[in-house]
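What the sequence shown shows, in the working numbering, is residues 158 to 392, in sequence order.
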Amino acid sequence: MTVREEDCTIVIPAYNEAGRIGGLLGGLAAYRGPVIVVSDGDDDTAGIVRAFALAHPSCRLECREYPERLGKGGGVAAGLMRAETPYAGFMDADGSTTVIEMRRLFSVLADVDGAIGSRWIEGACVPVRQSMGRQVQSRLFNLFVRLIFALPYHDTQCGAKVFRTPAVQAVLPSVRSQGFEFDVELLWQMKRQGYMVREVPIRWEDQPDSRVGSTTGIAMLKGLVQIRFGRRSNE
158 MTVREEDCTI VIPAYNEAGR IGGLLGGLAA YRGPVIVVSD GDDDTAGIVR
208 AFALAHPSCR LECREYPERL GKGGGVAAGL MRAETPYAGF MDADGSTTVI
258 EMRRLFSVLA DVDGAIGSRW IEGACVPVRQ SMGRQVQSRL FNLFVRLIFA
308 LPYHDTQCGA KVFRTPAVQA VLPSVRSQGF EFDVELLWQM KRQGYMVREV
358 PIRWEDQPDS RVGSTTGIAM LKGLVQIRFG RRSNE
């Protein structure tokens, strides 16, 4: 089975990304599948996306604007639930990865239900890495996830993931997270519901102005503990 680009929707959550989303959109101008930008901030991100869409009518670009803050996970979920193609995935708005890598991830869906980019497995190319402190934080977070959720992945937080649309839309109603912990809960629910997700090495260039600080990291850990153990009494 061949995965056609025209059948693959890319969702981009964009919270106050007016300063850098133009560069990402330029790389998507020749993409033949639908692109859904979910804008839930208070800057001109949505205006920039709409202007780009008008200037590039062949680009299947849609901007969904929300007056309230959805959170990273909420924005991704809102976009994925609107996808009407057989395949759908999401990528960060900061340009850390490219449409070339998204095409490569989508191609994996010929054999599995999902594919996630990984910066921490053999074959990954990361010419610009996070600071040493962020790398240590990332590895500790991954160890926590592997122990608590029994997920086999080396990198749950890479912002490049793709799925067969029926599978991810079936799982999303079970996902409660709206913040950065969304990725972990989504992968956990995919596993619990019997879907196969493969980890794939990716080319990734870390970008400055990360939205994930130490305070966010602590909140993610607390949220994941509540998700993992709070559900148990209801099952």
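Note that beta-carbon positions come from the ideal geometry of N, C-alpha and C, so glycine has one too.
- For F320, no alpha helix (DSSP H) run applies; the uninterrupted beta strand (DSSP E) run containing it begins and ends at A317 to R321, by DSSP.
- In the three-state reduction of the DSSP assignment, I178 falls in the helix class, which pools H, G and I.
- Taking C-beta separations shorter than 8 Å and ignoring five residues to either side along the sequence, the partners of G374 in its chain run Q294 and F298, following chain order.
- Going by DSSP, V194 is part of the beta strand (DSSP E) stretching over V192 to S196.
- Using a 10 angstroms sphere on the CB of L181, the tally of other CB atoms reaches 16 or more, which defines it as buried.
- Note that the C-beta distance between T254 and R360 is below 8 Å.
- With a cutoff of 8 Å on beta-carbon distance, G236 and Y352 are scored as not near each other.
- Per DSSP, G252 lies in no alpha helix (DSSP H) and is assigned neither H nor E.
- Rounded to whole angstroms, the Cβ separation of G274 and K318 is 7 Å, and the two are in contact under 8 Å.
- Contact between Y244 and C315 is ruled out by a C-beta separation of about 18 Å, above the 8 Å threshold.
- Secondary-structure assignment with DSSP links E219 through a beta bridge to I193.
- Secondary structure at S331: helix, using DSSP grouped into helix, strand and coil.
- Taking the Cβ atoms as the reference, L343 lies roughly 7 Å from V328, within the contact range of under 8 Å.
- Look at T242 here: in three-state DSSP terms it is coil, with no helix or strand label.
- For M248, the closest of I167, A376 and L227 by C-alpha to C-alpha distance is I167.
- Going by C-alpha positions, A281 is about 21 Å away from A267.
- Take the alpha-carbon of F386 and the one of G183: they are about 43 Å apart.
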